[in-house]
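**Q**
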Amino acid sequence: MGTVNRFESLAAPGVRGLSPYLPGKPTSALEREFGIRGSIKLASNENPLGPGPRAQAALAAAIANVGHYPDGSGHGLRSRIAHRHGVDIGQVTLGNGSNDVLVLLAEAFLVPGVEAVYSQYAFAVYPSAVQASGATARLVPAWPPGHAQPLGHNPAELAAAVGPQTRMMFVANPNNPTGTWLDESELDELLRAVPPDVIVVLDEAYHEYSVELGVPDGTRWLYRHPNLVVTRTFSKAYGLAGLRVGYAISHPDIADILNRVRQPFNVSVPALAAAAAALDDVGHLEATVRLNRAGIERLRNGLATLGIVAPPSAGNFVLADLGRAAGPVDHALLREGVIVRPLANYALPNHIRISTGTSEQNERLLTAMSVAIAGPA
């Protein structure tokens, strides 16, 4: 096949030039490519413990019902989510992962001629969703590397970037891939500065990991700011990445519009059942958070002994600055059977993102890293 797509001219203008999202390499692909066994993946911010026992039991029970379509409204799960957050069920919109909700927001509210604001080094789905909609992106400079929140959101710059054509702002808190965060006063000041006709999408995919660091729960501001949308996911701390289920909490009028473009049955029978059960598995969530905090500390300290800087993180990953091109180091890690995430696509060619794993996986990463940075013997 040639390199020119014969249907390019027929695609929507915003879709032309988009590159497909590249997920982390699966272990099966790495093992086929290098002829190795027993590789580990610390690239996609997955929960190394996987789903908890309650979610697993719900999944097993749900198998009997997969011959039927799911409840298209997701009433049971939405009711549980609404109760958890103290909101009305009409404020909850379900998605096939929180990525789905982010794209729904762009589809519903962004058009050519309007603008969407987001920070430099923000989650890669924001620019792709904005571009596909035909809207214009306003990229806001991040804090410099030496800041207390290196490469993180600068709330004053975000607010200053809002103009007459701004329709939406994306803010991840904590942010992926930097692990940085806005504290309560910063978030409050930013929300107060944004005009009420600009929708603020507060992406809290890593919220459960960040609570003990004082990262605020954005749902507390929903009553004060009808233009606020808070998104969450079951893919991270709840260990359900393979099931694809997330949600948004918003003003009922925003939820109504999202449900006009939301695909019917976008969350499967097993996903609805497992997510509802996961909400009640407090013990598994607490174990996950404990393991993650220990993993963050071990990775940061271990990398520091290798001369690699990894700032504090409120997520379940660390951003490692290798001080040189990450490509060769990443390739060497792959040969050691360890998959991480190089970040050239985020304009961070010297950085990699490393998800926390089990204690054994973290030690293997550090051992492999020492080999990788040493180079060929």
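Just so you know, we're using the working numbering here: the sequence shown kicks off at 36 and counts up by one. Note that the Cβ used here is the ideal one computed from N, Cα and C, for glycine as well.
1. Tell me the DSSP secondary structure of Glu-398 in three-state form.
2. Between the Cα of Leu-293 and the Cα atoms of Ala-141, His-182, Leu-257, which residue gives the shortest distance?
3. By the three-class DSSP mapping on this structure, what secondary structure does Pro-199 have?
4. Please identify the residue among Ser-44, Ala-78, Thr-38, Glu-43 whose C-alpha is closest to the C-alpha of Asn-397.
5. Can you tell me whether Tyr-56 is buried or exposed, with buried defined as 16 or more other CB within 10 angstroms of its CB?
6. What is the DSSP secondary structure of Val-152, counted as helix, strand or coil?
7. Please decide whether Asn-351 counts as near chain D, where near means a Cβ-Cβ distance under 8 Å.
8. Give the straight-line distance between the Cα atoms of Pro-162 and Thr-171, rounded to the nearest whole angstrom.
9. So for Ala-412, helix, strand or coil by DSSP?
10. Specify, as a first and last residue, the run of the alpha helix (DSSP H) that His-120 falls within.
11. In this structure, what does DSSP give as the bridge partners for Gly-130?
12. Is it right to say Ala-329 is buried, meaning 16 or more other beta carbons lie within 10 angstroms of its own, or is it exposed?
13. Straight-line CA distance for Arg-376 to Val-280?
14. Please report the distance separating the alpha-carbon of Asn-210 from that of Val-101.
15. Only counting the same chain, and skipping five residues up and downstream in sequence, which positions put a Cβ closer than 8 Å to that of Pro-88?
16. Going straight from the alpha carbon of Arg-113 to that of Asn-327, what length do you get?
17. How would you label Glu-371, buried or exposed, when you count the other beta carbons within 10 angstroms and need 16 or more for buried?
18. Suppose the cutoff is 7 Å on Cβ atoms and the five residues either side in sequence are ignored; what does the same chain contact list for Gly-49 look like?
19. Within 10 angstroms of the Cβ of Arg-115, are there 16 or more other Cβ atoms? Answer buried if so, exposed if not.
20. Suppose you measure from the CA of Arg-333 to the CA of Thr-38; what does that come to, to the nearest Å?
21. CB-CB under 7 Å to Phe-300, same chain, minus the five flanking residues each way: which ones, in chain order?
22. With burial defined as no fewer than 16 other Cβ atoms inside 10 Å of the residue's Cβ, what is the status of Met-36: buried or exposed?
23. Return helix, strand or coil for Ala-319, following the three-state DSSP convention.
24. Give the C-beta separation of Ser-97 and Ala-345 to the nearest angstrom, bearing in mind that I take them to be a contact with Cβ-Cβ under 8 Å.
25. Measuring CB to CB, does His-386 end up less than 8 Å from Ala-355?
26. Please identify the residue among Val-373, Leu-378, Met-404 whose C-alpha is closest to the C-alpha of Phe-69.
27. Say whether the segment 257-273 touches the segment 228-247, bearing in mind that this needs 3 or more beta-carbon pairs closer than 8 Å, one atom from each stretch.
**A** According to the structure shown:
1. Three-state DSSP puts Glu-398 in a helix.
2. For Leu-293, the nearest C-alpha among the options comes from Ala-141.
3. Here Pro-199 sits in coil by DSSP.
4. Measuring from the Cα of Asn-397, the nearest candidate turns out to be Ala-78.
5. Around the beta carbon of Tyr-56, fewer than 16 other beta carbons lie within 10 angstroms, which makes this residue exposed.
6. In the three-state reduction of the DSSP assignment, Val-152 falls in the strand class, which pools E and B.
7. The structure shown contains no chain D, having only a single protein chain.
8. Spanning the alpha carbons of Pro-162 and Thr-171 requires a straight line of approximately 9 Å.
9. Annotation note: pLDDT 47 at Ala-412 (below 50); position unreliable, coordinate value reported separately. DSSP places Ala-412 in coil when its eight states are reduced to three.
10. It spans 110-120 - the alpha helix (DSSP H) in which His-120 sits, taken as one unbroken run.
11. Beta-bridge analysis with DSSP links Gly-130 to Gly-281.
12. Counting the other Cβ atoms within 10 Å of the Cβ of Ala-329 gives fewer than 16, which makes it exposed.
13. Going from the Cα of Arg-376 to the Cα of Val-280 covers about 23 Å.
14. The alpha-carbon atoms of Asn-210 and Val-101 are separated by roughly 35 Å.
15. Cβ within range, chain order: Asp-316, His-319.
16. Rounded to the nearest whole angstrom, the C-alpha separation of Arg-113 and Asn-327 is 28 Å.
17. So Glu-371 counts as buried.
18. Once the five neighbours on either side are set aside, the close Cβ partners of Gly-49 are Gln-166, Ala-167, Ser-168, Gly-169.
19. Buried, by the Cβ-count rule.
20. Each residue's alpha carbon lies about 45 Å from the other.
21. Excluding sequence neighbours, Phe-300 sits near Tyr-104, Pro-105, Gly-107.
22. Any reading at Met-36 must be qualified, since the residue scores a pLDDT of 45, below 50, and its modelled position is unreliable; the value itself is stated next. So Met-36 counts as exposed.
23. In the sequence as presented, Ala is not what sits at residue 319; that position holds His. Judged by DSSP in its simplified three-state form, His-319 adopts helix.
24. The amino acid at residue 97 is misidentified as Ser; the sequence shows Ala. Separation of the CB atoms of Ala-97 and Ala-345 is rounded to 39 Å, and the pair is thereby denied contact status at 8 Å.
25. Yes.
26. Nearest of Val-373, Leu-378, Met-404 to Phe-69, Cα basis: Val-373.
27. When C-beta atoms of the segment 257-273 are compared with those of the segment 228-247, three or more pairs fall below 8 Å, so the two segments count as touching.
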